[in-house]
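From first to last, the protein sequence lines are chains E and A.
Numbered according to numbering that gives the first Met the number 0, the first sequence spans residues 0 to 163.
Numbered according to numbering that gives the first Met the number 0, the second sequence spans residues 0 to 163.
Number of protein chains: 2
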Amino acid sequence: MTSSSKNPSAWIPLPGLLDIASDALFAEFRAELEQSEFGDIRPTHGCVFRFVQGHGLRLTDIAERANMTKQSVGEIVDDLVDRGYAKRIPDPDDKRAKLICLTERGESAQAHGRKLFARVEKRWAERYGAERIAALRELLEEIAAREVPFAVPEIAQAALKPVA
Amino acid sequence: MTSSSKNPSAWIPLPGLLDIASDALFAEFRAELEQSEFGDIRPTHGCVFRFVQGHGLRLTDIAERANMTKQSVGEIVDDLVDRGYAKRIPDPDDKRAKLICLTERGESAQAHGRKLFARVEKRWAERYGAERIAALRELLEEIAAREVPFAVPEIAQAALKPVA
DNA sequence: GCAACCTTGTCAGGCGTCCTGACAAGGTGA
DNA sequence: TCACCTTGTCAGGACGCCTGACAAGGTTGC
């Protein structure tokens with residue numbers, strides 16, 4: 000018995016429902032993050048923590064995957080550099096480019112963030128049913144892989160290294 | 000075989016996955032809306048179309064449900080009034096207040112929007128499986144009702160009319 | 001009846017986020 | 001070598017939403 004099956008005027012479009020869930024989930028994450036030692040990290044910084052790993056990534060590549068302009072990402076990276084979470088190192092293969100990578104502190108923050116996200120998801124699994132949340136994740140991963148392949152790290156990496 | 004089960008570094012936090020799905024879905028909606036006669040409606044206007052129906056709603060109430068300030072909603076309403084989608088009528092019960100309601104054109108737009116959202120959702124049901132999308136909606140409606148009851152029109156209405 | 005207080009909507013001003021346009025410096029191919 | 005592309009940055013602006021302050025109108029207690 001869903002609300003939509005009872006009252007058409009209370010029907011909420013799927014994107015709106017997805018946003019509500021995302022916001023609620025993200026709010027739980029933020030609440031915990033803000034109390035940690037990484038409380039100065041803002042939501043916008045996510046595009047860097049989400050895509051950068053290991054040997055670093057070019058500004059252009061981050062921008063493409065995050066579906067943002069280079070300028071916007073550049074601003075965010077500036078901020079993360081100021082706060083000591085990221086650094087720019089010259090790309091040995093291309094003197095125009097700089098590789099954006101995380102500092103030690105940045106990697107700690109990234110690891111901490113992943114842990115928090117996992118914890119919130121686990122709480123929701125207890126709240127709404129482990130199988131339902133697992134099914135949700137599975138469906139969403141399928142959607143992500145199909146709708147915006149470049150936002151999925153694994154696929155993006157494969158696309159970057161077609162040979163190696 | 001999900002990506003998360005194979006490669007931990009490709010694991011995407013649930014809010015991110017939800018956003019990806021929401022964005023993809025919303026992009027399909029926007030593409031169709033922009034080609035319609037209501038192409039001048041912007042995403043921000045949604046908070047009005049989503050909550051206003053029938054005899055109108057006060058600015059304060061829209062703001063509360065949309066989780067925004069009165070000022071922000073006021074700006075959006077101004078814009079919708081300029082474009083002929085909404086109007087302010089004096090509240091007969093409170094001379095301070097004005098009821099924001101849709102013009103005829105606004106109601107057409109609202110109906111058209113709902114139809115488009117339903118059409119996109121149906122397409123996704125064909126693409127990803129009707130039962131999976133139905134289960135997704137059901138879970139998300141449960142989440143919305145629990146996490147942010149005031150964003151759900153049916154619940155919000157009930158809360159506004161505790162007696163009647 | 002009246003004073004203290006709350007609510008409603010608006011004006012003014014500001015901040016964060018992201019955009020377009022233009023550019024120098026560096027790579028690439030004929 | 002020359003024309004062309006890419007990378008990252010600077011400048012400026014649009015948009016969405018915020019806080020603060022306020023007048024006009026309700027509401028409550030005495």
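Note that beta-carbon positions come from the ideal geometry of N, C-alpha and C, so glycine has one too.
Contact annotation for Asp60/A against chain E: no contact, minimum CB-CB distance about 16 Å [criterion: below 7 Å]. Asp39/E counts as exposed, since fewer than 16 other C-beta atoms from the protein chains shown sit within 10 angstroms of its C-beta. The contact set of Ser21/A on chain E, defined by CB atoms closer than 7 Å, consists of Pro14, Leu17, Asp18 and Ser21 in chain order.
Taking a beta-carbon distance threshold of 8 Å, Ile142/A counts as an interface residue toward chain E. As the crow flies, the alpha-carbon of Ile88/E is around 7 Å from that of Ile99/E. Per DSSP, Ala26/E is one residue of the alpha helix (DSSP H) stretching across Leu13 to Glu33. Arg113/A and Gly83/A do not touch by the CB rule: their CB atoms are close to 19 Å apart, not below 8 Å. Distance from the CA atom of Arg49/A to the CA atom of Leu135/A, rounded to whole angstroms, is 20 Å. Taking a beta-carbon distance threshold of 8 Å, Tyr127/E counts as an interface residue toward chain A. Distance between Lys69/E and Asp18/E, taken at the CA atoms: about 26 Å. Along the length of the region 66-127 of chain A, whole beta strand (DSSP E) runs at least 3 residues long occupy 85-89 and 97-101, reported in chain order. Between the alpha carbons of Val80/A and Ser21/E lies a gap of roughly 31 Å. Look at Arg41/A here: in three-state DSSP terms it is coil, with no helix or strand label.
The shortest C-alpha to C-alpha distance from Glu106/E to any of Glu33/E, Ile11/E, Gln52/E and Gly45/E is the one to Gln52/E.
Asp77/A and Leu32/A have their C-alpha atoms roughly 21 Å apart. Apart from the 5 residues on each side of it in sequence, Ala30/E has no Cβ closer than 7 Å to any other Cβ in its chain.
Counting of Cβ neighbours within 10 angstroms places Ala133/A among the exposed residues, the total staying below 16. A check of alpha carbon separations from Cys46/A across Gly55/A, Glu120/A, Phe25/A and Val72/A identifies Val72/A as the nearest.
If you draw a straight line from the Cα of Pro14/E to the Cα of Arg95/E, it is about 40 Å long. Nearest in C-alpha terms to Lys86/E, of all of Asp93/E, Ile75/E and Asp92/E, is Ile75/E.
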